[in-house]
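Notes to accompany the following structure.
There are 2 protein chains.
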Amino acid sequence: MIHNFNAGPSILPSSVFEEASRAVLNFNNTGLSILEIGHRTPLFEEVLNEAVSLVKELMQLDANKEVIFLHGGASTQFFQLPMNYLTKDKKAAYLDGGVWGTKAIKEAKRYGQVDVVATSKDKNYSYIPKDYAVPHESVYFHYTTNNTIEGTQMHSIPALSMPLVADMSSDILSREMDFNKFSFIYAGAQKNIGAAGVNLVIIDKKFLEKSSSSVPSMMDYKQHVSNGSMLNTPPVFAIYVCLLTLRWLKQLGGVAAIEKINNQKAAVLYDTLESFPIFQLPVPKEDRSKMNAVFTMQNEMLEKKFLDRCNEENMVGVKGHRSVGGFRVSMYNALPLSSVTSLVDLIKDFGNKYA
Amino acid sequence: MIHNFNAGPSILPSSVFEEASRAVLNFNNTGLSILEIGHRTPLFEEVLNEAVSLVKELMQLDANKEVIFLHGGASTQFFQLPMNYLTKDKKAAYLDGGVWGTKAIKEAKRYGQVDVVATSKDKNYSYIPKDYAVPHESVYFHYTTNNTIEGTQMHSIPALSMPLVADMSSDILSREMDFNKFSFIYAGAQKNIGAAGVNLVIIDKKFLEKSSSSVPSMMDYKQHVSNGSMLNTPPVFAIYVCLLTLRWLKQLGGVAAIEKINNQKAAVLYDTLESFPIFQLPVPKEDRSKMNAVFTMQNEMLEKKFLDRCNEENMVGVKGHRSVGGFRVSMYNALPLSSVTSLVDLIKDFGNKYA
Chain A
78 MIHNFNAGPS ILPSSVFEEA SRAVLNFNNT GLSILEIGHR TPLFEEVLNE
128 AVSLVKELMQ LDANKEVIFL HGGASTQFFQ LPMNYLTKDK KAAYLDGGVW
178 GTKAIKEAKR YGQVDVVATS KDKNYSYIPK DYAVPHESVY FHYTTNNTIE
228 GTQMHSIPAL SMPLVADMSS DILSREMDFN KFSFIYAGAQ KNIGAAGVNL
278 VIIDKKFLEK SSSSVPSMMD YKQHVSNGSM LNTPPVFAIY VCLLTLRWLK
328 QLGGVAAIEK INNQKAAVLY DTLESFPIFQ LPVPKEDRSK MNAVFTMQNE
378 MLEKKFLDRC NEENMVGVKG HRSVGGFRVS MYNALPLSSV TSLVDLIKDF
428 GNKYA
Chain B
78 MIHNFNAGPS ILPSSVFEEA SRAVLNFNNT GLSILEIGHR TPLFEEVLNE
128 AVSLVKELMQ LDANKEVIFL HGGASTQFFQ LPMNYLTKDK KAAYLDGGVW
178 GTKAIKEAKR YGQVDVVATS KDKNYSYIPK DYAVPHESVY FHYTTNNTIE
228 GTQMHSIPAL SMPLVADMSS DILSREMDFN KFSFIYAGAQ KNIGAAGVNL
278 VIIDKKFLEK SSSSVPSMMD YKQHVSNGSM LNTPPVFAIY VCLLTLRWLK
328 QLGGVAAIEK INNQKAAVLY DTLESFPIFQ LPVPKEDRSK MNAVFTMQNE
378 MLEKKFLDRC NEENMVGVKG HRSVGGFRVS MYNALPLSSV TSLVDLIKDF
428 GNKYA
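Residue numbers (the numbering used here), protein chains in the order written: chain A, 78 to 432; chain B, 78 to 432.
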């Protein structure tokens with residue numbers, strides 16, 4: 078039994094691995110592999126349509142939302158979005174809450190004016206910036222809902238009047254939210270949605286209308302929407318894995334059900350870490366991510382020992398990102414509570430031994 | 078037994094399906110799925126490194142060539158290439174040999190001057206344009222080596238002095254060529270290289286130096302090269318399927334060995350079609366593609382009957398592209414000669430019956 082705490086690509090439900098494995102040999106009893114079916118066949122159209130329907134159902138999207146699957150990851154949206162909405166005389170507002178937000182800002186500046194309304198760079202992005210004003214002429218307000226690297230998460234949706242844009246790569250489908258408040262949501266699939274190599278984009282029809290029509294075809298949101306994610310050959314297998322993962326989530330009871338489990342996982346882990354002073358939690362309680370828990374130890378020797386213990390117990394992906402150090406435990410939807418409790422047992426054992 | 082003549086996504090070797098299926102459950106006996114391994118781990122780095130090495134070996138690339146795997150398909154390169162190399166005062170030359178070339182031209186015009194040196198549009202792209210002059214100030218000369226939809230293929234490399242750029246999506250690795258003559262080669266994977274959702278790019282170091290440094294990061298070839306295809310999370314599974322397919326090709330004897338088989342497949346199919354006057358071959362002999370054979374019948378009733386026969390015999394993907402009509406038989410590397418001989422038997426039977 079391996080406990081996979083990878084930050085992404087990350088664990089997916091075992092039933093998804095099993096079904097995907099079967100489909101690579103024989104998809105839906107067609108005698109064909111999912112890898113060799115034509116994308117413009119009813120076989121794949123059904124996959125795509127069901128995946129889109131499940132996203133709408135699970136996120137309770139209203140009739141104004143379009144759902145598309147695009148090539149690439151969130152990094153592509155970092156420039157595709159401003160390429161579509163900004164010009165040198167237009168301004169967008171960005172919240173600089175972590176490494177990914179910073180990258181998004183860098184790309185947006187190529188296309189228009191960027192107002193960084195707040196940043197937590199002063200403390201290595203270990204908290205969520207608060208109390209900022211957003212210029213009302215902003216074409217949109219962009220933020221990252223969950224900062225995978227720094228272990229912070231925004232637990233409420235900013236009450237703003239301009240179109241809201243969110244990079245939800247690392248916490249989409251993990252908690253209930255009024256997703257209809259957003260004009261544009263994007264998320265690389267490789268955490269809560271499926272396998273690496275596809276990007277989920279949800280776009281409000283009114284916001285879509287305002288997108289540029291003079292960008293390259295592959296960057297044109299309107300063309301992707303009107304072609305139903307088939308402007309070119311889509312990443313067939315990656316979309317199929319999304320479908321399997323979405324089906325699993327629905328069967329489990331949907332977003333509300335997984336949120337309860339995610340809350341349990343985060344609570345037991347953070348509570349345990351707090352009870353042992355050898356562990357430090359750099360993120361203040363109110364900003365802690367339920368997807369990625371970041372913690373450190375002051376003693377580097379102990380950090381090494383802890384990592385060794387994790388390796389012995391088949392716990393992978395626990396090492397922190399190089400920019401933060403220490404440890405990062407990712408607890409995406411598919412990570413079972415039992416993996417967290419196993420880690421918690423190890424933490425208790427370790428904490429008692431080196432208290 | 079299904080005979081898969083799909084134009085792409087298309088058949089891959091059965092051993093690739095089997096190994097990929099196993100890896101989705103348990104990759105290299107790690108106990109982890111290929112879908113859940115971190116991309117910045119030695120596990121995936123080995124996959125990527127071996128895939129790059131095999132491309133270099135199989136294509137006999139010299140030390141001046143960089144090999145990268147990018148998100149998306151050839152359609153992304155249609156704009157990424159001119160975005161990097163053209164400005165309003167620079168000119169590139171394009172050969173307009175088919176639907177894909179036309180799309181590439183459309184995107185290039187957004188960035189600079191485009192000289193369409195020749196076109197076969199007058200005859201629905203059913204032949205390869207010849208005898209054209211390319212302005213020597215062209216930043217590059219772009220052409221499509223094989224026209225998937227129209228069933229034409231360029232059987233020699235143009236002798237030109239400016240950098241050669243080729244879209245080899247549908248015939249890469251199918252025949253021996255001096256690939257080192259090209260400054261830039263790109264190919265969507267879903268025909269001869271692997272599964273949909275990844276793009277192979279081969280770029281000469283000198284040409285790379287001339288690429289723009291003011292494009293978005295994800296469009297920056299230099300950044301992709303210096304980050305070894307890991308500027309962002311790569312499409313892990315799609316690259317793994319490429320590796321398996323490349324290994325299969327090497328084991329088979331490489332490009333020279335597959336070329337012999339491809340020649341046999343094309344010869345037996347075209348010879349048979351030519352021997353029955355009920356079939357028309359729109360492409361003149363010298364321009365016929367060894368990957369995609371296009372043919373029609375004058376009698377629409379017969380076309381329907383022929384397609385029914387193919388369906389009865391479990392031959393899929395035989396219907397022609399909507400822009401050409403009739404039939405298209407794709408014979409990529411992984412299609413066994415036995416599938417072609419089965420189709421040839423059907424053609425003979427049909428041809429004799431309706432002569």
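Glycine included, each C-beta is placed from N, C-alpha and C at the ideal position.
Task: Nearest-angstrom Cα separation, counted from residue 357/A out to residue 288/A - done: Mapped onto the first sequence, residue 288/A falls at position 211. Mapped onto the first sequence, residue 357/A falls at position 280. Residue 288/A and residue 357/A have their C-alpha atoms spaced approximately 45 Å apart.
TODO: Run the CB neighbour count on residue 298/A, radius 10 Å, all protein chains shown included, and call it buried at 16 or more, exposed below.
DONE: The residue given as residue 298/A occupies position 221 in the first sequence. With 16 or more other Cβ atoms within 10 Å, it is buried.
Task: Any 3 or more C-beta pairs closer than 8 Å across the segment 281-296 of chain B and the segment 150-168 of chain A - done: yes
- [ ] State the CB to CB distance for the pair residue 424/A and residue 350/A, rounded to an integer number of angstroms; the pair is presumed to be in contact (CB under 8 Å).
- [x] As a first step, residue 424/A is located in the first sequence; it is residue number 347 there, counting from the start. As a first step, residue 350/A is located in the first sequence; it is residue number 273 there, counting from the start. At roughly 7 Å, the Cβ-Cβ gap stays under 8 Å, so residue 424/A and residue 350/A are in contact.
Open item on the list: What ranges does the alpha helix (DSSP H) occupy inside the segment 319-404 of chain B, keeping only unbroken runs of at least 4 residues that lie completely in it?
Closed with: 331-351 and 377-389
Open item on the list: I need the straight-line Cα distance from residue 217/B to residue 186/B, nearest angstrom please.
Closed with: If you number the second sequence from 1, residue 217/B lands on position 140. If you number the second sequence from 1, residue 186/B lands on position 109. Answer to the nearest angstrom: the Cα atoms are 14 Å apart.
Task: Residue range of the beta strand (DSSP E) that includes residue 196/A - done: Looking up residue 196/A in the first sequence gives position 119. Here the beta strand (DSSP E) through residue 196/A covers 190-196.
Task: Neighbour-count burial assignment, residue 339/B, 16 or more Cβ in a 10 Å radius - done: Locating residue 339/B in the second sequence gives position 262, where the first residue counts as 1. Classification for residue 339/B: buried.
Open item on the list: Please list, in chain order, the residues of the segment 104-128 of chain A that have any C-beta partner in chain B closer than 7 Å.
Closed with: 108, 109, 110, 112, 113, 114, 115 and 116
TODO: Enumerate in chain order the residues of its own chain whose CB-to-CB distance from residue 168/B is below 8 Å, with the five nearest sequence positions on each side excluded.
DONE: The residue labelled residue 168/B in the question sits at position 91 within the second sequence. Only 189, 190, 191, 192, 212, 214, 215 and 216 meet the Cβ criterion.
- [ ] Assess, as a yes-or-no matter, whether the segment 111-122 of chain B is touched by the segment 309-321 of chain B under the definition of 3 or more beta carbon pairs within less than 8 Å.
- [x] yes
Task: Rounded C-alpha distance that separates residue 99/B from residue 78/A - done: Taking the second sequence and counting its residues from 1, the one referred to as residue 99/B is at position 22. Taking the first sequence and counting its residues from 1, the one referred to as residue 78/A is at position 1. Answer to the nearest angstrom: the Cα atoms are 18 Å apart.
Task: Exposed unless 16 or more other CB atoms sit within 10 angstroms - verdict on residue 227/A - done: For the purposes of this step, residue 227/A is taken as the residue at position 150 of the first sequence. With 16 or more other Cβ atoms within 10 Å, it is buried.
Open item on the list: Measuring only the C-alpha atoms, how far is residue 327/B from residue 399/A?
Closed with: By 1-based counting over the second sequence, the position of residue 327/B is 250. By 1-based counting over the first sequence, the position of residue 399/A is 322. In a straight line, the C-alpha of residue 327/B is about 38 Å away from that of residue 399/A.
Open item on the list: Using the Cβ count rule (16 or more neighbours within 10 Å means buried), how would you classify residue 269/B?
Closed with: On the second sequence, position 192 is the one that residue 269/B refers to. Residue 269/B should be labelled buried.
Open item on the list: If you reduce the DSSP assignment to three classes, tell me which class residue 244/A lands in.
Closed with: Start at 1 with the first residue of the first sequence, and residue 244/A comes out as number 167. Reduced to three states, the DSSP call for residue 244/A is strand.
Open item on the list: Taking the straight line between their C-alpha atoms, what separation do you get for residue 255/A and residue 205/A?
Closed with: Your numbering for residue 255/A matches position 178 in the first sequence. Your numbering for residue 205/A matches position 128 in the first sequence. Each residue's Cα considered, the two are about 20 Å apart.
- [ ] Locate the alpha helix (DSSP H) running through residue 94/B, then write down its first and last residues.
- [x] Working through the second sequence from its first residue, we reach residue 94/B at position 17. Element bounds for residue 94/B: 91-102.
- [ ] Could you tell me whether any Cβ in chain A is nearer than 9 Å to the Cβ of residue 514/B?
- [x] Residue numbering for chain B in the displayed model covers 78 to 432; residue 514/B lies beyond these limits and cannot be assessed.
Task: Identity of the residue in 120/B, 180/B and 94/B nearest residue 106/B by Cα - done: Translated into the one-based positions of the second sequence, residue 106/B becomes position 29. Out of 120/B, 180/B and 94/B, 120/B has the C-alpha closest to the C-alpha of residue 106/B.
Task: Cross-chain neighbours of residue 86/B in chain A, by beta carbon under 8 Å - done: For the purposes of this step, residue 86/B is taken as residue 9 along the second sequence, with counting starting at 1. For residue 86/B, the neighbours in chain A by C-beta distance under 8 Å run, in chain order, 112, 113, 114, 115, 116, 310 and 313.
Open item on the list: Going by beta-carbon coordinates alone, are residue 246/A and residue 85/A separated by less than 9 Å?
Closed with: In the first sequence, residue 246/A corresponds to position 169, counting from 1. In the first sequence, residue 85/A corresponds to position 8, counting from 1. Their beta carbons are under 9 Å apart, which means residue 246/A touches residue 85/A by this criterion.
TODO: With a threshold of 16 other CB atoms inside 10 Å of the CB of residue 375/B, please say whether the residue is buried or exposed.
DONE: Taking the first residue of the second sequence as 1, we reach residue 375/B at position 298. So residue 375/B counts as exposed.
- [ ] List the residues of chain B that residue 318/A touches, going by C-beta distances under 7 Å, in chain order.
- [x] Counting from one through the first sequence, the residue named residue 318/A turns up at place 241. Residues of chain B whose Cβ lies closer than 7 Å to the Cβ of residue 318/A are, in chain order, 112.
Task: Endpoints, the beta strand (DSSP E) within which residue 226/A is located - done: Within the first sequence, residue 226/A is the residue found at index 149, counting from 1. Where residue 226/A is concerned, there is no enclosing beta strand (DSSP E), given that its DSSP letter is neither H nor E.
TODO: Look up residue 146/B in the DSSP assignment and give the residues it is bridged to.
DONE: Translated into the one-based positions of the second sequence, residue 146/B becomes position 69. 277/B.
Task: Cross-chain neighbours of residue 175/A in chain B, by beta carbon under 8 Å - done: Here residue 175/A is taken as the residue at index 98 of the first sequence, counted from 1. What residue 175/A touches in chain B: nothing, since even the nearest Cβ is about 15 Å away.
- [ ] Flag residue 180/B as yes if its beta-carbon sits less than 9 Å from any beta-carbon of chain A, otherwise no.
- [x] On the second sequence, position 103 is the one that residue 180/B refers to. For residue 180/B, the answer is yes, since a Cβ of chain A falls inside 9 Å of its Cβ.
Task: Segment contact, 8 Å Cβ cut-off, at least three pairs: the segment 129-147 of chain A with the segment 273-289 of chain A - done: The count of Cβ pairs closer than 8 Å, one atom from the segment 129-147 of chain A and one from the segment 273-289 of chain A, reaches three, so the stretches are in contact.
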